[in-house]
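Enquirer: Those sequence lines, one after another, are chains A and B. Take 369 as the starting number for the first sequence in this note's numbering and just add one per residue. Take 7 as the starting number for the second sequence in this note's numbering and just add one per residue.
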Amino acid sequence: MSADALLRTWTGPARRRQSTGDALWLAPALLVLAALGWRLGGTAAALGLLATGLAGGAWLVRRRLQRLDERWLVRRFNALRPDLEDSAALLFSAPDRLNPLERLQRARIEQRLGAGRPEDLAADWRRGPLLALWGAALIAAALLMLWPSRAGRPVHLAPSAEHLPVIPGVPRLVAQNLRVVPPAYTGLPARDQGGLDARVPVGSRLEWTLRFAPQPGQPRLGLLAGPPLPLRRDGQDWMAARQVDAAFLYRVDPADPRAPLAPLHRIDVIPDAPPQVRVISPAASLTLVRPGQRAWGPVFAATDDYGVAAQARLRVTLAVGEGENVTFSEREIALTGSGPARDRRFAPTLDFARLGFAAGGDLVVQLIVRDTRSPGPQETRGPSLVLRWPAPKAPESAGLEGMVNTTLPAYFRSQRQIILDAEALLRQKRALPAERFAGRSAAIGDDQAILRGRYSQFLGGEEETAPEHAEGDGHDHSGGLPPARPAGFGAPEDVLAEFGHPHDDAAASSLDPATRAILKNAVDEMWEAERLLKQGQPAAALPPAYRALRFIKQVQQATRVFLSRVGQERPPIDPARRLTGKRDGLASRALPVAPVDSGDGEIAAAWRALGDGPGAIRGAIDLAGVERWLAGNRDRLADPLALAAALDAVRADPACARCRAVLRGQLWLALARPPAGLAPRPRPDAAGQRYLRLIGGRAP
Amino acid sequence: MMSALSTLSAERIVAAVLGLAVLLGWVRLALWQRGAGAAGAAHWRLAALAALQPLVAGALFLTLFPPAWQHAADELVVATAGTPRRAAFATRGRLVALPEAPRLDRAEAVPDLATALRRHPATRRLVVLGQGLAPRDLDSARGLPIVHTSPAEPPGIVALALPAPVAAGAAFSVAGRVAPAAGARVELVDPAGRVTDRQPVAADGTFRLSGTTRAAGTARFALRLRQPGGRLQEEADVPVLAVAAAKPRLLILAGAPGPEIKFLRRWASDAGFAVQTQIAAGGGIALGDAPIALTLSTLNGYAAAIVDERAWAGLGTGRSTLLEAVRGGMGLVLRSDGDEGTRAWWRGFGLAPAGRGGVVPVVLPEVAVDTPEALALARTRRGIGTRDVPEGSDLDDPVLPDVTRLGGKWSGVDVVPFLADAGGNPLAAWRPLGTGRVAAFAVPDSYPLALSGRADLFADWWSRLLGAVARPADGPALIAGPFWAGERAVLCGPAAAGPVVQPDGTVTTLVRDRGADGCAGFWSTRAGWHQAGTGGAAQVFYVHPAEAIPALRAGRDRTATLQLARGAGAAPQGRGTDSQPGSPWPWFGLWLAGCGALWLLERSTRGRGGMRAGPVA
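This is the structure in structure tokens:
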């Protein structure tokens, strides 16, 4: 017998037993898998999962079968057959490579081999665990398939409560069910309710199941504003479904002319609120760095009605530097929150060294969170928290008259820009034609002139022209951003520079004499730089420009500007016009005034018509005007649907006193309060008038 | 006659039987005493037993035939609403019960007092039990001496001042008094069912609530009285009539342009006035509308004129024309703007506030918005927002502007101060002049109100100011009540002429009573707004449900009855008596007590002699 035949003969039963056993072990798992698939995704999913499971199982069985090879057989022989004397390996060795002793031994065991049966080598069944597994799998599969499903559970209809009169032969709603399926992201379960009024999360799907008796032709849901929703027949019942994005009123309409008008039902929506961000620590929005602090860990809490996304962003704004050298950098850090979905905590740790945060800087953080709404998650930005690292030295300000501005007006900084521009121009000199080069140099010179003009203001306006009030020079009274970034970010004292400017007659009065002298030097240097720039020599202009910058820095180190207190001042009298007797251009003129019409006349008229006083209309009332008004003023009302419903009720039954009272109450809520006019006093009767005339009255 | 005979015979028979029984008892007692010998009862015991026999017999007789009450023959006891049972029981005399009275045992039910007086023509004196006579019976009782001891005030709303007609959009107030006051709270509910004002009741039970109106027409607010625990004790309707005059013409004369004139003009044109403004800018230059001539015929078309001090100073002969127009019915409002010369003229007219002068701040009503509840209350007074002013946009942070007035007080004889600020200081005063009126407004600048979100208060001030003086005009007038369904309402004047339209549209024709100054009586059958008269003379009145505000109604009846009693003088002494069947119950009690005493005495061993047992019958 060849080795192959031997192997086949002796491993055959074991292979069959093992493959059967494996199949028996895998089958329950496949069964549970298929049941799970059926439960979650229906038959197709079950079949798909089953096929995948079968393929995987087959691969597994095959792989396990491969282990039943020659080595396995030898080990098995040696373990189970003492009569083979641990020499089973000889059976599979090539005879020509054996020594005589081995050959002899091989012959002996070949003879003994027949004493056993190949079936003995097969593994035992292990029935107990297998049966337990099958039992558990069957129970699990049964549970999975038979557990009552929410979505698929049968609809139980509640008896109708519309209290409509029963007219023989006229279809009438007898039972109903309203299923509310909130959007998946809310995590709310679907619910069934017997009533037809509901308050549902926005985006919910509503499924009506209605039963009529007798069966109507083509019933529908009549929406008060909008096209009707047709019902489709499903056995005994009629069904309709709709996605709800806004509140609406509807009624069940059997579409039979003989049927009485059914009452209105109302669907309200609960809007999805955007998430809320709260700061848990620190307590104040401005925190100062403690000595030795190396990191900062603000803690935020974000809450939402359905859930806050675990991923949030932290916007970190870093302001580093002082005076004119403040640089901003902004970055966003992704954060992961902890805690339950409706109340998440975000606790980032900001390492100063990694962020580059240093003394004299500000670190501003803002948490940006989103909720789980889909589509379109709502984003909320939390409050900004500022961490300030105070500069080592603070300017002193004691014993000074008037307000002290500890920072310079922000426009002191653009001398550096002029230098940078000039240097950039020099670098481009080769690429530019001479004419263009000169033009741009002159333009920089113009900038320098404007800047010099501004500094001259502080010296009492010693310039030949009046360059102030150029566009964008920081002296615009209105609109837009503050003229420039404040010198010290967020410096509380910098209000003036941020929102205004010193307004006294001579700006120079706000500088002390030493500063004034330095500033004068700076202006002189600016003159020089300006002259050279305008002559097209930016390279020559650079040294004076640098000198001007240095002087400005010296002024900046003084960091004190005096602002005189100003009171309310009246505009000066124009002596040119005063007491001249000239009245040119002066004449009587009409000042027209037009009354404002609130446009609520329709509501007021209906209010009177529905009452029981003068102007009341007891019969049918024309409410078209109110409807028109309602269509145009829906957003002015807190609850326009209630007014629409009340209108509908009165239109359906003009004689219903209760409906009229309800509508009148709703109209009161829709009435604007006009400015109080005149309630004239009652006219005295004839005797009273005669009396008053007789006593006359005396005027001084 | 037959019945009288039979009654007499029955009495006689019973008396005879009882007398015989007493005799038998005595005989038995005597026999037993003699038979007992030395062991007989003590003398006192015997005497007591003997004495009790006729007493019990007599009591039994009187129980069966109670003696008639003897009382003044000309006195009639009238039970009205809220008559206590005890008081009715204790009265002697003929008792009649009016329909409002509770069920009483021996009272004779009568539909009204006049019927009772017809049935008992000898009546010369009335004793009124309970809350008092209803208006229906007051006239019948007039002339008769009345004794009325009023019971305690019933709990609830005992006084209520319902609002007079107000301009559409204006604020109104409801005042009143409740009893008992401790811990009670009152609420004003608007026609939509929202609470629009909520106040605790003062220690003396008074309260004052305010609300705002919207469009012209009738509205029904409700006043709720809540007990200390918050339980609703009573709810009363508060009828409010909002009126809007049809384009009244208003003349504004200003001595100089200014913000006050600007906002006054804006308010007046928005509030439905046809405004004619003339602003002098000096040097013969006038701004505003096209100038008109100040003649009497022109001015007669105007409802009112507002003139400031500087304009008044520059009017010259125009002044007398204006005053002549006022005598013809026009209203004139003098506005202070600080011109001292004119102030002197005012003073002569009695319209300048006298006393401690200077300028004092006006106390403005605060709008509390610090709690969600207060904010909700404030919102209910606003009406819906407009495109320009969305709802509640000005309520977030209410600012009270600085508004000042001229200090001092008005003290003239025919000068009526009005328009009180939140501190109770009047801001204006008016005096009649012919058929018109002249008012002075002591607030130089009221426009800051319009600028700081209190345009409603600005409008309210000027509306009331002009409403007090402007030329009277036809319009729906309110007949002051209160009236109750099922009661007679007296309508006088033009209202008595026309038919009455009931809330359900039923029309009732009135019949004037020439004997009562041409007034007419109207018996309303349902609660709600009623309209009396037609066209321009139409008047409206509100009828409360029959069971509404019972304490107020009882108070009204009591006051009226007491006034009637005071006015009728002393009651004459009764002449002669009358009899009336008496009650058997006191006699029955006496009989029961006598029997009990007899039984006790018979059972008792006291006063028995020897060891022997009691008598054997």
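We put the CB at the ideal spot given by N, CA and C, even for glycine.
1. In or out: residue 1024 of chain A buried (at least 16 other Cβ within 10 Å) or exposed?
2. By Cβ distance below 7 Å, which residues in the same chain neighbour residue 445 of chain A in space, the five residues on each side in sequence not counted?
3. Taking DSSP as the reference, what is the three-state secondary structure of residue 49 of chain B?
4. For residue 497 of chain B, tell me which candidate among B:210, B:280, B:522 has the shortest Cα-Cα distance.
5. The alpha helix (DSSP H) with residue 526 of chain B in it runs from where to where?
6. Mind pulling the chain A residues with CB within less than 9 Å of residue 295 of chain B?
7. I want to verify the contact list: residues of chain A whose CB lies under 7 Å from the CB of residue 272 of chain B, in sequence order.
8. In chain order, what residues of the segment 439-452 of chain B put their CB closer than 7 Å to some CB of chain A?
9. State buried or exposed for residue 631 of chain B, treating a residue as buried only when at least 16 other CB atoms are found within 10 Å of its CB.
10. Please return the same chain residues whose Cβ sits closer than 6 Å to the Cβ of residue 368 of chain A, not counting the five positions on each side in sequence.
11. Is it buried or exposed for residue 26 of chain B, if we count other Cβ within 10 angstroms and need 16 for buried?
12. Determine the closest residue to residue 998 of chain A out of A:883, A:459, A:1035, with distance taken between C-alpha atoms.
13. Measuring CA to CA, which of A:484, A:588, A:621, A:616 is closest to residue 608 of chain A?
14. For residue 545 of chain A, count the other beta carbons within 10 Å of its own beta carbon; 16 or more makes it buried, fewer makes it exposed. Which is it?
15. Closest to residue 147 of chain B by CA distance: which of B:266, B:120, B:230, B:308 is it?
16. Pick out the complete alpha helix (DSSP H) segments inside the segment 450-515 of chain B, 4 residues or longer, and give them in chain order.
17. Spatial neighbours of residue 626 of chain A within its chain, please: CB distance less than 7 Å, with the 5 preceding and 5 following residues excluded, ordered by chain position.
18. On a CA-only basis, which of B:531, B:519, B:494 is nearest residue 511 of chain B? Give me that one, please.
19. Buried or exposed, going by whether 16 or more other CB atoms sit within 10 Å of the CB of residue 608 of chain B?
20. When DSSP labels each residue in this structure, what does residue 542 of chain A get in the three-state scheme?
21. Anything in chain B within Cβ reach of residue 1018 of chain A, meaning under 7 Å, just list it in chain order.
22. With distances taken Cα to Cα, identify the nearest neighbour of residue 245 of chain B among A:574, A:980, A:381.
23. I'd like to confirm the pairing. Which residues does DSSP put opposite residue 184 of chain B in its beta bridges?
24. So residue 782 of chain A is in the alpha helix (DSSP H); what residue range does that whole segment cover?
25. When the cut-off is 8 Å and only beta carbons count, does residue 389 of chain B lie next to chain A?
26. Quick check for students: name the residue ranges of the beta strand (DSSP E) that lie wholly in the segment 115-149 of chain B, counting only runs of 3 or more.
27. Could you spell out the range, first to last residue, of the beta strand (DSSP E) harbouring residue 367 of chain B?
28. Checking 8 Å against the spacing of the C-beta atoms, do residue 165 of chain B and residue 182 of chain B come in under that value?
29. Suppose you measure from the CA of residue 773 of chain A to the CA of residue 889 of chain A; what does that come to, to the nearest Å?
30. May I ask which residues mark the beginning and end of the beta strand (DSSP E) holding residue 442 of chain B?
31. Count the other C-beta atoms from every protein chain shown that fall within 10 angstroms of the C-beta of residue 1011 of chain A, then say buried if there are 16 or more, exposed otherwise.
32. Take residue 471 of chain B and list the residues in its own chain whose beta-carbon comes closer than 8 Å to its own, dropping the five residues that flank it on each side.
33. Chain B beta carbons: is any one of them nearer than 8 Å to that of residue 972 of chain A?
34. Using the beta-carbon count (16 or more within 10 Å), is residue 386 of chain B buried or exposed?
35. In the segment 268-292 of chain B, which residues sit with their C-beta less than 9 Å from some C-beta in chain A, listed in chain order?
36. Give every residue of the same chain whose Cβ lies closer than 7 Å to the Cβ of residue 597 of chain B, excluding the five residues on either side of it in the sequence, and list them in chain order.
Expert: Let's see:
1. In the first sequence, counting from the first residue as 1, residue 1024 of chain A sits at position 656. Looking at its Cβ environment, which holds fewer than 16 other Cβ atoms inside 10 Å, residue 1024 of chain A is exposed.
2. By one-based count along the first sequence, residue 445 of chain A stands at place 77. Excluding residues within five positions, the ones whose Cβ falls inside 7 Å are 452, 456.
3. Locating residue 49 of chain B in the second sequence gives position 43, where the first residue counts as 1. Helix, per DSSP.
4. Taking the first residue of the second sequence as 1, we reach residue 497 of chain B at position 491. Per the Cα distances, B:522.
5. Start at 1 with the first residue of the second sequence, and residue 526 of chain B comes out as number 520. Here residue 526 of chain B belongs to no alpha helix (DSSP H); instead the beta strand (DSSP E) covers 525-529.
6. Taking the first residue of the second sequence as position 1, residue 295 of chain B is located at position 289. Residues of chain A passing the Cβ test: 958, 959, 960, 961.
7. Along the second sequence, one-based indexing puts residue 272 of chain B at 266. Result: 961.
8. 439, 440, 441
9. Here chain B covers residues 7 to 623 and nothing more, so residue 631 of chain B does not appear.
10. In the structure as shown, chain A starts at 369 and stops at 1068, and residue 368 of chain A therefore has no counterpart that could be examined.
11. Numbered from its first residue, the second sequence carries residue 26 of chain B at position 20. Burial call: exposed.
12. Within the first sequence, residue 998 of chain A is the residue found at index 630, counting from 1. For the residues A:883, A:459, A:1035, the minimum Cα distance to residue 998 of chain A belongs to A:1035.
13. As a position in the first sequence, residue 608 of chain A is number 240, starting the count at 1. With distances taken between Cα atoms, residue 608 of chain A lies closest to A:588.
14. One-based indexing of the first sequence puts residue 545 of chain A at position 177. Buried, since its Cβ has 16 or more Cβ neighbours within 10 Å.
15. Taking the first residue of the second sequence as 1, we reach residue 147 of chain B at position 141. Of the candidates B:266, B:120, B:230, B:308, the one whose C-alpha sits nearest the C-alpha of residue 147 of chain B is B:120.
16. 453-457, 461-475
17. The count along the first sequence starts at 1 and reaches residue 626 of chain A at position 258. 535, 538, listed in sequence order.
18. For this step, residue 511 of chain B is matched to residue 505 along the second sequence. Measuring from the Cα of residue 511 of chain B, the nearest candidate turns out to be B:531.
19. Start at 1 with the first residue of the second sequence, and residue 608 of chain B comes out as number 602. Per the 10 Å Cβ criterion, exposed.
20. On the first sequence, position 174 is the one that residue 542 of chain A refers to. Correct three-state label for residue 542 of chain A: strand.
21. Residue mapping note: residue 1018 of chain A aligns to position 650 of the first sequence, counting from 1. Ordered by position in chain B, no residue passes the 7 Å Cβ test against residue 1018 of chain A, which lies about 16 Å from the chain.
22. Here residue 245 of chain B refers to the residue found at position 239 when the second sequence is read from its first residue. It is A:980 whose Cα lies nearest to the Cα of residue 245 of chain B.
23. Position 178 of the second sequence, counted from the start, is the residue given in the question as residue 184 of chain B. Residue 184 of chain B pairs with B:163.
24. Translated into positions along the first sequence, residue 782 of chain A becomes position 414. Its alpha helix (DSSP H) spans residues 782-795.
25. Working through the second sequence from its first residue, we reach residue 389 of chain B at position 383. Output row for residue 389 of chain B: interface = yes.
26. 131-135
27. The residue given as residue 367 of chain B occupies position 361 in the second sequence. That run of the beta strand (DSSP E) goes 365-367.
28. Counted from its first residue, the second sequence places residue 165 of chain B at position 159. Counted from its first residue, the second sequence places residue 182 of chain B at position 176. Contact flag set, yes.
29. For the purposes of this step, residue 773 of chain A is identified with residue 405 of the first sequence, where counting begins at 1. For the purposes of this step, residue 889 of chain A is identified with residue 521 of the first sequence, where counting begins at 1. Confidence is the limiting factor: at residue 773 of chain A the pLDDT is only 44, short of 50, which leaves the residue's position unreliable and the question unanswerable from this model.
30. As a position in the second sequence, residue 442 of chain B is number 436, starting the count at 1. Segment 442-447, the beta strand (DSSP E) holding residue 442 of chain B.
31. Residue numbering aside, residue 1011 of chain A sits at position 643 when the first sequence is read from its first letter. When all chains shown are included, residue 1011 of chain A counts as buried.
32. As a position in the second sequence, residue 471 of chain B is number 465, starting the count at 1. For residue 471 of chain B, where only same-chain residues beyond five positions count, the Cβ hits under 8 Å are 339, 425, 434, 445, 447.
33. Translated into positions along the first sequence, residue 972 of chain A becomes position 604. Chain B contact via Cβ: present.
34. Against the second sequence, residue 386 of chain B aligns to sequence position 380. Looking at its Cβ environment, which holds 16 or more other Cβ atoms inside 10 Å, residue 386 of chain B is buried.
35. 268, 271, 272, 273, 274, 275, 276, 277, 278, 279, 281, 283, 285, 287, 289, 290, 291, 292
36. Counted from its first residue, the second sequence places residue 597 of chain B at position 591. Taken in chain order, the residues that qualify are 62, 65, 66, 69.
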